[in-house]
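Numbering (my numbering), first residue to last: 96 to 426.
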Amino acid sequence: MSITGKATAVAHPNIALAKYWGKRPFGHNLPAVPSLSVTLAGLATRTTVAFDDALAEDELHLGGHPAAAGPTRRVSGLLDRVRAASGRTERARVTSDNDFPTAAGLASSASAFAALALAASTAAGLSTSPEGISDLARRTSVSAARSAFGGFVALRSGAPGDETLPATPVAPADHWPLRVIIAVTAEGPKDVGSSEGMKLTVDTSPYYAAWVTDAPSLEERVRAAVLARDFQALGSAAEASALRMHASAIAAAPGLLYWTGATVNVLSEVRRLRARGIPAFFTIDAGPHVKVFTVPEAEDEVTTALAAVPGVLRTLSATPGPGAHVVDPAV
Ligand code: PMV
Numbered sequence: 096m097s098i099t100g101k102a103t104a105v106a107h108p109n110i111a112l113a114k115y116w117g118k119r120p121f122g123h124n125l126p127a128v129p130s131l132s133v134t135l136a137g138l139a140t141r142t143t144v145a146f147d148d149a150l151a152e153d154e155l156h157l158g159g160h161p162a163a164a165g166p167t168r169r170v171s172g173l174l175d176r177v178r179a180a181s182g183r184t185e186r187a188r189v190t191s192d193n194d195f196p197t198a199a200g201l202a203s204s205a206s207a208f209a210a211l212a213l214a215a216s217t218a219a220g221l222s223t224s225p226e227g228i229s230d231l232a233r234r235t236s237v238s239a240a241r242s243a244f245g246g247f248v249a250l251r252s253g254a255p256g257d258e259t260l261p262a263t264p265v266a267p268a269d270h271w272p273l274r275v276i277i278a279v280t281a282e283g284p285k286d287v288g289s290s291e292g293m294k295l296t297v298d299t300s301p302y303y304a305a306w307v308t309d310a311p312s313l314e315e316r317v318r319a320a321v322l323a324r325d326f327q328a329l330g331s332a333a334e335a336s337a338l339r340m341h342a343s344a345i346a347a348a349p350g351l352l353y354w355t356g357a358t359v360n361v362l363s364e365v366r367r368l369r370a371r372g373i374p375a376f377f378t379i380d381a382g383p384h385v386k387v388f389t390v391p392e393a394e395d396e397v398t399t400a401l402a403a404v405p406g407v408l409r410t411l412s413a414t415p416g417p418g419a420h421v422v423d424p425a426v
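Shown next, in the form of C-alpha cells:
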C-alpha cells in the first residue's frame, strides 16, 4: 500500500434562511431558486481523504463503519471530478465523522460534501480557493456549496449555460451573533432524502411553479434583513421561506410531509414565545427537526422552553461559524 496524497478537512453544516428546493431542468445540479444561509459553529464534519495506488476501488467509512453503496457512489462521483482535474488515477480511502446526527434533516450532506471537496482537492494537490471548493461541492450537493464559506452565504439560482456556480459570502460570522437552537425531534435517517423529495415536488406539485416565482423576493428580503441586522424582518422572511418550501412539497403527489406532531408543537411554542415578546423564529429543512433562531440574551429562556415541548428529544446549540478549512497535519 502506498499513499500518494492525504489531507483532512473540517466543514460545518449551514441552515438556510432563504431556502433552496428544486433543481433547474438543464443538468449540472443547478438550483432553481436563490438561497441564503448561515454556516454554523458548534456542529462539524471531519473528513480525511487518502489517495492510495494499492486500492482497486474508493472506500468510504462513515462514523467508523463501512458505508453503503449509495453514499459511496456519491463520494466517488466527487472524487472522479478531482481525479479528472488533477490527472490522478488512484482510488481513495475516505473517512468521515460527524459530531451530530446524520441524514435526519440536520444538513449533514452540506458539511459532508464541503469537507470532502476540500480534503480531496488538497490531497490531490489542486488549488483550493473557496470558490473552487464551493463549486465542486455544489455539483454533488447544492447546499454544500454554501458550507465552503463561513458566516452568511448566498447561492444564486442556476442559469442556462452556467458552467460553474459557486456560493458567495454575504457577511462574516461575526457580523451578527445570532443563536441557533436545534430542537431534535427524531433519531435516525429521514424517510425521503432531499434529492428525491425535490424531484417529486418538481414533477408533481401544482404549487412548485408558485414557489419558484416567489422565492427570489424572499431571498432579497432575507439578504436585506441580514445586512441591516433586523431580527424581526429576518424572522418573517425566513419563516415564510420555510413554510412556502414545505407547502410546495406537501402539495406533491403523494404529499411530502417532513413534519411530525413534535415539529408542529415546536412551531406553536415559537409563536407563544414571540407573543410574550421573546425574539425567536423557526425554520425547517427536509426533516422533522426545527431550527430556532434567537438573540444571545434570550438563548437560555428559548432553550428551556424548547426542551420542554412534547416530542423534543434534546436541543443542540450553534452560532454563526467558519467555512471549510484544512486541518494540519492530516490524521
Ligand atoms: O442540497 P441538499 O440536498 O442538501 O438540499 C437541501 C435543501 C434544504 O436543506 C431543505 C434547503 C436548503 O437550502 O438548505
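Yeah, the Cβ is synthetic: ideal placement off N, Cα and C, and Gly gets one too.
By DSSP, does G172 sit in helix, in strand, or in coil?
Sequence index remark: in the sequence shown, residue 172 carries index 77 (1-based). Note: G172 maps to helix in three-state DSSP.
Between E396, D257, G350, which lies nearest to G372 when the distance is taken from Cα to Cα?
Taking the first residue of the sequence shown as position 1, residue 372 is located at position 277. Ranking the options by Cα distance to G372, first place goes to E396.
Please classify H160: is it buried, with 16 or more other beta-carbons within 10 angstroms of its beta-carbon, or exposed?
Taking the first residue of the sequence shown as position 1, residue 160 is located at position 65. It is exposed - the Cβ of H160 has fewer than 16 other Cβ atoms within 10 Å.
With DSSP run on the structure shown, which of helix, strand or coil describes Y115?
Along the sequence shown, one-based indexing puts residue 115 at 20. Correct three-state label for Y115: coil.
Is A346 helix, strand or coil when you go by DSSP?
Within the sequence shown, the letter at position 251 stands for residue 346. Coil.
State the DSSP-derived secondary structure class of L125, mapped to helix, strand or coil.
Position 30 of the sequence shown holds residue 125. If DSSP states are grouped into helix, strand and coil, L125 belongs with coil.
Residue of R178, D286, A187, A243 minimising C-alpha distance to F208:
Position 113 of the sequence shown, counted from the first residue, corresponds to residue 208. Closest option to F208, Cα to Cα, is A243.
Which ranges does the beta strand (DSSP E) cover as unbroken runs of at least 3 residues, wholly within the stretch 250-338, from first to last along the chain?
263-266, 274-279
Grouping DSSP H, G and I as helix and E and B as strand, with all else coil, what is T358?
Mapped onto the sequence shown, residue 358 falls at position 263. Reduced to three states, the DSSP call for T358 is helix.
What number of angstroms, rounded off, separates the C-alpha of H107 from the C-alpha of A136?
Counting from one through the sequence shown, the residue named residue 107 turns up at place 12. Counting from one through the sequence shown, the residue named residue 136 turns up at place 41. Their backbone Cα atoms lie some 6 angstroms apart in a straight line.
Are the CB atoms of Y353 and G330 within a distance shorter than 9 angstroms?
Translated into the one-based positions of the sequence shown, residue 330 becomes position 235. Translated into the one-based positions of the sequence shown, residue 353 becomes position 258. Not in contact: G330 and Y353 (Cβ atoms no closer than 9 angstroms).
Contact set for L174: own chain, Cβ-Cβ below 7 angstroms, skip 5 residues either direction:
Walking along the sequence shown from the start, residue 174 turns up at place 79. Counting only Cβ-Cβ distances below 7 angstroms, and skipping sequence neighbours, we find D153, A187, A215.
So what does DSSP say about F146, is it helix, strand or coil?
Residue numbering aside, residue 146 sits at position 51 when the sequence shown is read from its first letter. In the structure shown, F146 sits in a strand (DSSP, three-state: E or B).
For I98, which option in A419, T184, A104 has the closest C-alpha, if you only look at C-alpha atoms?
As a working mapping, residue 98 is identified with position 3 in the sequence shown. Nearest of A419, T184, A104 to I98, Cα basis: T184.
Is the Cβ-Cβ distance between L401 and I276 less than 9 angstroms?
Against the sequence shown, residue 401 aligns to sequence position 306. Against the sequence shown, residue 276 aligns to sequence position 181. Yes; because the gap between Cβ atoms is below 9 angstroms, this pair is in contact.
Flag this pair as yes or no: are the beta carbons of S289 and S238 separated by less than 9 angstroms?
Your numbering for residue 289 matches position 194 in the sequence shown. Your numbering for residue 238 matches position 143 in the sequence shown. A contact, by the Cβ cut-off of 9 angstroms.
Can you tell me which of the three DSSP states F208 falls into?
On the sequence shown, residue 208 is found 113 positions in, with the first residue counted as 1. Reduced to three states, the DSSP call for F208 is helix.
Whose beta carbon lies closer than 5 angstroms to any heavy atom of the ligand PMV, going through the chain in order?
A111, K114, Y115, S130, S204, S236, V237, S238, S289, D380, A381
How would you label I286, buried or exposed, when you count the other beta carbons within 10 angstroms and need 16 or more for buried?
Sequence index remark: in the sequence shown, residue 286 carries index 191 (1-based). The residue you asked about is not Ile; residue 286 is Asp in the sequence shown. With fewer than 16 other Cβ atoms within 10 Å, it is exposed.
Kindly give me the distance between the Cβ atoms of G356 and G406, rounded to whole angstroms, as I take these residues to be in contact under 8 angstroms.
To locate residue 356, count along the sequence shown from 1; it is residue 261. To locate residue 406, count along the sequence shown from 1; it is residue 311. Between G406 and G356 the Cβ distance is about 6 angstroms, and since that is below 8 angstroms, they are a contact.
Assigned secondary structure, P225 (DSSP; H/G/I helix, E/B strand, else coil):
Residue 225 sits at position 130 when you count from the first residue of the sequence shown. DSSP places P225 in helix when its eight states are reduced to three.
For E154, the residue or residues it bridges with in DSSP:
Locating residue 154 in the sequence shown gives position 59, where the first residue counts as 1. According to DSSP, E154 bridges with R188.
Would you mind reading off the limits of the beta strand (DSSP E) that contains R409?
The residue you call residue 409 lines up with position 314 of the sequence shown. Its beta strand (DSSP E) spans residues 409-415.
Residue range of the alpha helix (DSSP H) that includes V433:
There is simply no residue 433 to check, as the chain begins at 96 and stops at 426 in what is shown.
Classify H107 as helix, strand or coil using the three-state DSSP reduction.
Against the sequence shown, residue 107 aligns to sequence position 12. Correct three-state label for H107: coil.
Neighbour-count burial assignment, L408, 16 or more Cβ in a 10 Å radius
In the sequence shown, the residue the question calls residue 408 occupies position 313. So L408 ends up on the exposed side.
Identify the residues that DSSP records as bridge partners of P71: which are they?
Only positions 96 to 426 of the chain appear in the structure, and residue 71 is not among them; the question remains open.
Mind checking L322: buried by the 16 CB within 10 Å criterion, or exposed?
One-based indexing of the sequence shown puts residue 322 at position 227. Exposed, by the Cβ-count rule.
Nearest-angstrom Cα separation, counted from T358 out to T280
Within the sequence shown, numbered from 1, the residue matching residue 280 stands at position 185. Within the sequence shown, numbered from 1, the residue matching residue 358 stands at position 263. Approximately 7 angstroms between the Cα atoms of the pair.
Applying the criterion that 16 or more other CB atoms from any shown protein chain within 10 Å of the CB defines a buried residue, is F195 buried or exposed?
As a first step, residue 195 is located in the sequence shown; it is residue number 100 there, counting from the start. F195 is buried by the Cβ-count criterion.
Going by DSSP, what residues sit across from A393 in a beta bridge?
Taking the first residue of the sequence shown as position 1, residue 393 is located at position 298. In DSSP, A393 forms no bridge with anything.
Using CA coordinates, which residue listed in G100, A113, S171, T389 is at the minimum distance from R316?
On the sequence shown, residue 316 is found 221 positions in, with the first residue counted as 1. Minimum Cα distance to R316 is reached at A113.
Straight-line CA distance for M293 to Y302?
Position 198 of the sequence shown holds residue 293. Position 207 of the sequence shown holds residue 302. Their Cα atoms are separated by approximately 12 angstroms.
Rounded straight-line distance, which links the Cα of L231 to that of L351:
As a working note, residue 351 is residue 256 in the sequence shown. As a working note, residue 231 is residue 136 in the sequence shown. In a straight line, the C-alpha of L351 is about 29 angstroms away from that of L231.
Quick check: what's the CA-CA separation for S204 versus A370?
Walking along the sequence shown from the start, residue 204 turns up at place 109. Walking along the sequence shown from the start, residue 370 turns up at place 275. In a straight line, the C-alpha of S204 is about 35 angstroms away from that of A370.
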